[in-house]
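Visitor:
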Amino acid sequence: MGGGILGLAVARELIQRNPRASVCVLEREQRVASHQSGHSSGVIHAGIYYQPGSMKAQLCVQGARELYAYCAARQIPHERCGKVILATSQRELARLAELERRGTSNGVAGLRRVAGSELARIEPHASALAGLYSPDTGIVDFAAVARSYANDVAQAGGTIATGWGVSSVRRGARTLRLLRDGEAIEARHAIFCAGAWADRLAVADGAGADPRIVPFRGAYLRLRPERRDLVRALIYPVPDPSLPFLGTHLSRRIDGEVLIGPTALLAGARDAYSLATVRRADMLDTLAWPGTWRMLRRFWRTGATELHQAASRAVLVRAAARYVPALRREDVQAGPAGVRAQALTRDGRLLDDFMFSLSERALHVRNAPSPGATAALAIARHVADQARTLFDLPA
Ligand SMILES: Cc1cc2nc3c(=O)[nH]c(=O)nc-3n(C[C@H](O)[C@H](O)[C@H](O)COP(=O)(O)OP(=O)(O)OC[C@H]3O[C@@H](n4cnc5c(N)ncnc54)[C@H](O)[C@@H]3O)c2cc1C
Numbered sequence: 449m450g451g452g453i454l455g456l457a458v459a460r461e462l463i464q465r466n467p468r469a470s471v472c473v474l475e476r477e478q479r480v481a482s483h484q485s486g487h488s489s490g491v492i493h494a495g496i497y498y499q500p501g502s503m504k505a506q507l508c509v510q511g512a513r514e515l516y517a518y519c520a521a522r523q524i525p526h527e528r529c530g531k532v533i534l535a536t537s538q539r540e541l542a543r544l545a546e547l548e549r550r551g552t553s554n555g556v557a558g559l560r561r562v563a564g565s566e567l568a569r570i571e572p573h574a575s576a577l578a579g580l581y582s583p584d585t586g587i588v589d590f591a592a593v594a595r596s597y598a599n600d601v602a603q604a605g606g607t608i609a610t611g612w613g614v615s616s617v618r619r620g621a622r623t624l625r626l627l628r629d630g631e632a633i634e635a636r637h638a639i640f641c642a643g644a645w646a647d648r649l650a651v652a653d654g655a656g657a658d659p660r661i662v663p664f665r666g667a668y669l670r671l672r673p674e675r676r677d678l679v680r681a682l683i684y685p686v687p688d689p690s691l692p693f694l695g696t697h698l699s700r701r702i703d704g705e706v707l708i709g710p711t712a713l714l715a716g717a718r719d720a721y722s723l724a725t726v727r728r729a730d731m732l733d734t735l736a737w738p739g740t741w742r743m744l745r746r747f748w749r750t751g752a753t754e755l756h757q758a759a760s761r762a763v764l765v766r767a768a769a770r771y772v773p774a775l776r777r778e779d780v781q782a783g784p785a786g787v788r789a790q791a792l793t794r795d796g797r798l799l800d801d802f803m804f805s806l807s808e809r810a811l812h813v814r815n816a817p818s819p820g821a822t823a824a825l826a827i828a829r830h831v832a833d834q835a836r837t838l839f840d841l842p843a
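My numbering numbers the first residue of the sequence shown as 449 and each following residue consecutively.
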């Protein structure tokens with residue numbers, strides 16, 4: 449369930465392993481990749497940031513490798529353009545060293561320190577005390593990748609049912625009934641990859657409410673076409689290690705656009721692509737969750753900065769100009785926005801790692817934020833392995 453990049457990758461993996469199985473993807477929207485998978489930065493992450501040994505570290509490194517091979521085989525436009533993570537203060541230099549340690553320990557290839565003339569060769573307009581260069585980071589259109597996974601499912605005999613929103617789940621003796629107004633689909637087993645709605649579907653299937661999904665809206669600016677030469681590839685800050693977000697970056701997309709962002713602002717709806725979109729049920733879910741208030745108490749200072757950046761184009765440009773000093777307010781236009789599905793525990797922790805939960809007949813992906821799109825093929829293999837054991841499927 450869920451026609452984002454994860455649901456489609458999982459369906460593809462399952463049908464490839466069990467060609468005679470009846471596999472159907474239910475997607476509420478009229479087209480696949482309508483939510484996170486179609487609103488990302490489009491960066492193929494190499495696996496630098498993540499705690500060694502975490503699922504993110506393992507599945508990102510494997511997933512990126514498989515994704516490059518997949519894109520090459522299917523001729524999906526992509527580019528191994530490389531990325532620099534830049535430190536602009538002494539405090540960030542220490543954090544950069546920790547990122548280098550993590551990346552190396554995670555097996556990220558080619559990672560090296562750059563500064564001065566070498567940094568200038570990689571990103572002529574960037575400025576920093578030092579940078580960490582990852583030649584293996586790249587770019588792709590994840591919506592195109594998701595559509596290709598959907599084609600693979602259909603070609604292998606599976607079904608992609610769009611416009612099919614699951615409103616409730618009933619457990620039977622031998623099946624799960626997935627219902628929408630007056631209609632039901634009966635399944636022996638289900639795998640839920642519902643992104644921003646993951647907690648609701650898990651609760652509908654009888655799981656606990658912890659963690660809840662809180663939506664974080666991420667807005668981007670875009671560079672005017674005549675100023676795109678300010679950024680060759682990908683320029684990232686050193687992230688705040690206490691947050692699961694990577695910070696405002698400057699990133700070239702595969703179509704040549706250069707984006708600046710995203711911001712990270714608690715959103716009024718799980719599909720708040722516009723700031724004006726506010727849904728009562730989504731707001732209530734966020735505000736009634738004890739974890740929200742604990743998180744706000746802990747991160748109020750970061751929240752205030754994010755609010756400032758989201759409210760003022762000049763402030764966001766100033767943040768990006770720390771890394772590209774020639775950047776001016778008149779170089780940017782309004783850009784797209786995405787909504788991150790971030791799991792938040794009852795005690796106020798923003799869950800960093802991927803998280804899955806199991807019920808008798810179903811597996812739920814409860815937290816799959818960035819680098820979820822990069823890691824999708826590896827996550828799909830992990831999920832299919834779990835499903836084989838849990839559901840007693842043929843190997
Ligand atoms: C702003 C932003 C930038 C990002 N940048 C990157 C990046 O550069 N690199 C990277 O690797 N990752 C990035 N990510 C993360 C990445 O996009 C996600 O990890 C990934 O897309 C998750 O895929 P998904 O299939 O779980 O979720 P989604 O793509 O959100 O799909 C979930 C699907 O479930 C469907 N659904 C929900 N409820 C129901 C229901 N009741 N019935 C039927 N269908 C339902 C939804 O309609 C949706 O299509 C970014 C995310 C955001 C938001």
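Beta carbons: idealized from backbone N, C-alpha and C, even for Gly.
So within the stretch 461 to 537, which uninterrupted beta strand (DSSP E) runs reach at least 3 residues, ignoring any that extend past its ends?
Guide: Complete beta strand (DSSP E) runs here, min 3: 472 to 475 and 531 to 535.
Visitor: Reducing DSSP to helix, strand and coil, say where Pro-773 ends up.
Guide: Note: Pro-773 maps to coil in three-state DSSP.
Visitor: Going by CA-CA distance only, name the one from Thr-734, Gln-603 and Ala-826 that's closest to Leu-454.
Guide: Looking at the Cα atoms, Ala-826 is the closest of the given residues.
Visitor: Would you give the residue range spanned by the alpha helix (DSSP H) that Glu-566 belongs to?
Guide: Run containing Glu-566: 564 to 570, per the alpha helix (DSSP H) assignment.
Visitor: What residue ranges within the stretch 562 to 623 form continuous alpha helix (DSSP H) runs of no fewer than 4 residues, ordered along the chain?
Guide: Taking only runs of at least 4 residues, the alpha helix (DSSP H) segments lying wholly in the stretch 562 to 623 are 564 to 570 and 590 to 603.
Visitor: Within a Cβ cutoff of 7 Å, which residues of the same chain sit near Asp-795, ignoring the five residues on either side of it in sequence?
Guide: Taken in chain order, the residues that qualify are Gly-739 and Arg-742.
Visitor: Applying the 10 Å Cβ sphere with the 16-neighbour rule, what's the burial state of Ser-485?
Guide: The residue in question, Ser-485, is buried, as its Cβ has 16 or more Cβ neighbours within 10 Å.
Visitor: Confirm, please, whether the CB-CB distance from Arg-660 to Val-780 is below 8 Å.
Guide: In this structure, Arg-660 does not lie closer than 8 Å to Val-780 by Cβ.
Visitor: With respect to 7 Å, is the separation between the Cβ of Gly-455 and the closest non-hydrogen atom of ligand 1 below this value?
Guide: Yes - ligand 1 has a heavy atom lying nearer than 7 Å to the Cβ of Gly-455.
Visitor: Measuring only the C-alpha atoms, how far is Ala-638 from Met-449?
Guide: So the two alpha carbons sit approximately 7 Å from each other.
Visitor: Classify Thr-585 as buried or exposed, calling it buried when 16 or more other Cβ atoms lie within 10 Å of its own Cβ.
Guide: Buried, by the Cβ-count rule.
Visitor: Take the Cβ of Pro-525 as the centre, count every other Cβ of all protein chains shown within 10 Å, and call the residue buried at 16 or more, exposed below.
Guide: Its Cβ having fewer than 16 others within 10 Å, Pro-525 is exposed.
Visitor: Looking at the structure shown, is Ile-708 part of a helix, part of a strand, or coil, going by DSSP?
Guide: DSSP places Ile-708 in strand when its eight states are reduced to three.
Visitor: Check for me: the beta strand (DSSP E) holding Ile-661 runs from which residue to which?
Guide: 660 to 671 is the span of the beta strand (DSSP E), which, as asked, contains Ile-661.
Visitor: What residue from Ala-604, Asp-600, Ala-574 and Ser-553 has the CA that sits closest to Val-562's CA?
Guide: The option with the nearest alpha carbon to Val-562 is Ala-574.
Visitor: Would DSSP call Glu-808 helix, strand or coil?
Guide: The answer is coil: DSSP assigns Glu-808 none of H, G, I, E or B.
Visitor: So Gln-757 and Phe-664 are in contact, right, with Cβ under 8 Å, and what is the actual spacing, rounded?
Guide: With 8 Å as the limit, Gln-757 and Phe-664 do not qualify as a contact, their Cβ atoms being about 13 Å apart.
Visitor: Identify every run of the beta strand (DSSP E) within the stretch 677 to 760, keeping only runs that are complete inside it and at least 3 residues long; order them along the chain.
Guide: 682 to 685, 697 to 700 and 706 to 709, all fully within the stretch 677 to 760.
Visitor: Rank Ala-785, Arg-468 and Ala-828 by C-alpha distance to the C-alpha of Thr-607 and give the top, closest one.
Guide: Of the listed residues, the one whose Cα sits closest to Thr-607 is Arg-468.
Visitor: Taking the alpha carbon of Trp-612 as the point to measure from, which residue in Tyr-581, Ile-708 and Gln-478 has its own alpha carbon closest?
Guide: For the residues Tyr-581, Ile-708 and Gln-478, the minimum Cα distance to Trp-612 belongs to Gln-478.
Visitor: Leaving aside the five residues before and after Leu-456 along the sequence, list all residues of the same chain whose C-beta is less than 7 Å from its C-beta, in chain order.
Guide: So the qualifying residues of the chain are Val-473, Val-480, Ala-594, Tyr-597, Ala-598 and Val-601.
Visitor: Is Thr-725 near ligand 1, with its Cβ less than 7 Å from a heavy atom?
Guide: Thr-725: no, Cβ never under 7 Å from ligand 1.
Visitor: For Arg-701, which of Ala-724, Ile-633 and Ile-587 has the nearest alpha-carbon?
Guide: Out of Ala-724, Ile-633 and Ile-587, Ile-587 has the C-alpha closest to the C-alpha of Arg-701.
Visitor: From which residue to which residue does the beta strand (DSSP E) around Ala-785 run?
Guide: Ala-785 -> beta strand (DSSP E) spans 780 to 792.
Visitor: Can you tell which of Leu-811, Val-491, Gly-630 and Thr-837 has the C-alpha that lies nearest to the C-alpha of Gly-654?
Guide: Comparing Cα positions, the closest option is Leu-811.
Visitor: Going along the chain, which residues of its own chain have a beta-carbon closer than 7 Å to the beta-carbon of Pro-842, five neighbours each way excluded?
Guide: Asn-466.
Visitor: Mapping the DSSP letters down to three states, classify Phe-839 as helix, strand or coil.
Guide: Here Phe-839 sits in helix by DSSP.
Visitor: Return the CA-CA distance between Glu-566 and Val-831, expressed in angstroms with no decimal places.
Guide: Their backbone Cα atoms lie some 42 Å apart in a straight line.
Visitor: Within this structure, are the beta carbons of Gly-495 and Val-556 separated by less than 8 Å?
Guide: Cβ atoms of Gly-495 and Val-556: closer than 8 Å.
Visitor: Nearest to Ala-767 by alpha carbon, out of Gly-786, Asp-733, Leu-698 and Ala-717?
Guide: If we check each option's Cα against that of Ala-767, Leu-698 comes out closest.
Visitor: With a threshold of 6 Å on Cβ separation, who are the neighbours of Met-503 within its own chain once the five nearest residues in sequence on each side are excluded?
Guide: Counting only Cβ-Cβ distances below 6 Å, and skipping sequence neighbours, we find Asp-801 and Phe-802.
Visitor: Hey, quick one: how far does the beta strand (DSSP E) through Ala-638 stretch, first residue to last?
Guide: Per DSSP, Ala-638 belongs to the beta strand (DSSP E) from 638 to 640.
Visitor: Glu-571 and Val-532 - do their beta-carbons sit closer together than 8 Å?
Guide: Going by C-beta atoms, Val-532 is nearer than 8 Å to Glu-571.
Visitor: Quick one: what does DSSP say Leu-799 is sitting in, helix, strand or coil?
Guide: Note: Leu-799 maps to coil in three-state DSSP.
Visitor: Among the candidates Ala-578, Arg-636 and Arg-680, whose CA atom is the shortest distance from the CA of Arg-417?
Guide: Lying outside 449 to 843, the shown extent of the chain, residue 417 is not represented and no answer is given.
Visitor: Ends of the alpha helix (DSSP H) at Ala-652?
Guide: 646 to 652 is the span of the alpha helix (DSSP H), which, as asked, contains Ala-652.
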